[in-house]
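Positions 1 to 304 (full-length UniProt numbering) are the ones given, in order, by the sequence shown. This report refers to the structure that appears directly beneath it.
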Amino acid sequence: MNKKNEDLLQSIQRMEEKIKNLTRENVEMKEKLSSQASLKRHTSLNDLSLTRDEQEIEFLRLQVLEQQHVIDDLSLERERLLRSKRHRGKGLKLPKKHVVETFFGFDEESVDSETLSETSCNTDRTDRAPATPEEDLDDTTTREEADLRFCQLTREYQALQRAYALLQEQVGGTLDAEREARTREQLQADLLRCQAKIEDLEKLLVEKGQDSKWVEEKQLLMRTNQDLLEKLQRALPTILCGTRGIELETLWLRAHWPMWESNRQPSELGAQSSNHLSHRAGPCDFFFPPVNLPSCVTITTVQF
Numbered sequence: 001m002n003k004k005n006e007d008l009l010q011s012i013q014r015m016e017e018k019i020k021n022l023t024r025e026n027v028e029m030k031e032k033l034s035s036q037a038s039l040k041r042h043t044s045l046n047d048l049s050l051t052r053d054e055q056e057i058e059f060l061r062l063q064v065l066e067q068q069h070v071i072d073d074l075s076l077e078r079e080r081l082l083r084s085k086r087h088r089g090k091g092l093k094l095p096k097k098h099v100v101e102t103f104f105g106f107d108e109e110s111v112d113s114e115t116l117s118e119t120s121c122n123t124d125r126t127d128r129a130p131a132t133p134e135e136d137l138d139d140t141t142t143r144e145e146a147d148l149r150f151c152q153l154t155r156e157y158q159a160l161q162r163a164y165a166l167l168q169e170q171v172g173g174t175l176d177a178e179r180e181a182r183t184r185e186q187l188q189a190d191l192l193r194c195q196a197k198i199e200d201l202e203k204l205l206v207e208k209g210q211d212s213k214w215v216e217e218k219q220l221l222m223r224t225n226q227d228l229l230e231k232l233q234r235a236l237p238t239i240l241c242g243t244r245g246i247e248l249e250t251l252w253l254r255a256h257w258p259m260w261e262s263n264r265q266p267s268e269l270g271a272q273s274s275n276h277l278s279h280r281a282g283p284c285d286f287f288f289p290p291v292n293l294p295s296c297v298t299i300t301t302v303q304f
């Protein structure tokens with residue numbers, strides 16, 4: 001960039017010197033014309049000399065006009081170069097190094113690489129041979145477009161950096177893609193292992209004939225049995241008996257107090273049974289067993 005600026009300054013200085021030389025030549029030609037005009041009055045009135053002088057004057061006038069056009073063109077070219085130089089000086093300011101926070105620390109290589117690429121591009125352009133004004137104008141236009149594009153890309157890169165920083169603040173820490181990938185792979189491996197274990201257990205149940213249906217039916221039967229036992233326990237304390245109350249009593253006692261039955265004598269059982277039968281006189285008499293039953297158990301007989 002500095003080399004290019006120096007080349008532009010040298011070309012501008014050469015143009016200024018050329019303009020000064022042309023201006024000086026123009027002044028000399030004007031002086032020469034004025035001197036020739038003064039000499040013309042003092043010369044003889046020879047037609048040949050007059051014609052020769054007029055031709056020379058016309059030639060000098062045309063030369064002056066041509067030099068004036070060249071001066072105007074050089075002035076315009078100088079103004080255009082100065083304008084492009086000012087514009088390039090504003091647009092190609094050295095960008096600040098943007099520090100990017102990564103997983104491994106702070107990174108400045110991305111912006112440095114962009115700066116180095118831009119510098120190498122400018123160096124390649126400045127190493128070329130001097131070009132014509134038209135080529136310089138095309139080169140200036142292309143360079144301006146490249147500068148605008150570079151500025152636009154820089155702004156987009158800064159916007160992406162701000163968005164990335166905002167995302168990190170919302171997530172609550174730095175994003176570690178490698179750690180997330182490892183965690184995802186570990187979870188997938190655990191899932192596959194659990195699925196394989198489930199398949200093995202299902203195969204084992206099928207081989208033993210203990211599939212899920214059989215287990216559900218077994219649990220249902222166990223619940224039904226438990227409900228029936230609870231109902232029977234609630235119904236046993238109070239039993240409504242008919243004329244065969246003693247037999248029901250004996251059956252109930254045999255089921256619940258086998259030790260009591262084994263300790264009693266047959267004579268005692270028969271005598272107590274006759275007393276119990278003789279005691280039933282009314283249809284609603286209560287019958288009390290001849291044993292020490294729990295207080296919650298009450299057996300009644302009803303005469304129909």
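Ideal placement from N, C-alpha and C gives every residue a C-beta, glycine not left out.
Are there 16 or more other CB atoms within 10 angstroms of the CB of residue i, so buried, or fewer, so exposed?
i, result
"R223", "exposed"
"Q10", "exposed"
"A165", "exposed"
"S274", "The predicted position of S274 is uncertain, since its pLDDT is 44 and thus under 50; no value can be drawn from it."
"S267", "The pLDDT assigned to S267 is 48, lower than 50, so where the model puts this residue is not dependable; a value taken from the coordinates is nonetheless given after this. Label assigned to S267: exposed."
For residue i, collect the residues of the same chain with a Cβ closer than 7 Å to its Cβ; drop the 5 residues on either side in sequence, then sort them by chain order.
i, result
"K18", "L74"
"Q13", "none"
"E230", "none"
"F59", "none"
"N2", "none"
"K197", "none"
"V215", "none"
Cutting at 6 Å between CB atoms, please list the residues of its own chain near residue i, excluding the five before and the five after it.
i, result
"E56", "none"
"M15", "L74, R78"
"G242", "Caution applies to G242, whose pLDDT of 45 falls short of 50 and renders its modelled position unreliable; the model cannot decide the point."
So, under 8 Å CB-CB, residue i and residue j are touching, yes? Tell me the CB distance rounded to an integer number of Å.
i, j, result
"R88", "R143", "7 Å"
"V70", "L33", "The pair is not a contact, with the Cβ atoms about 18 Å apart (cut-off 8 Å)."
"E25", "Q68", "That belief does not hold up - the Cβ atoms of E25 and Q68 are roughly 11 Å apart, past 8 Å."
"L8", "K85", "6 Å"
Please list, in chain order, all residues of the same chain as residue i whose beta carbon is under 8 Å from its beta carbon, the five residues on each side excluded.
i, result
"residue 323", "Nothing in the structure corresponds to residue 323, since the chain is present only between 1 and 304."
"R61", "L33"
"L65", "none"
"E6", "none"
Okay, do the region 75-82 and the region 27-34 touch, 3+ Cβ pairs below 8 Å being the bar? no
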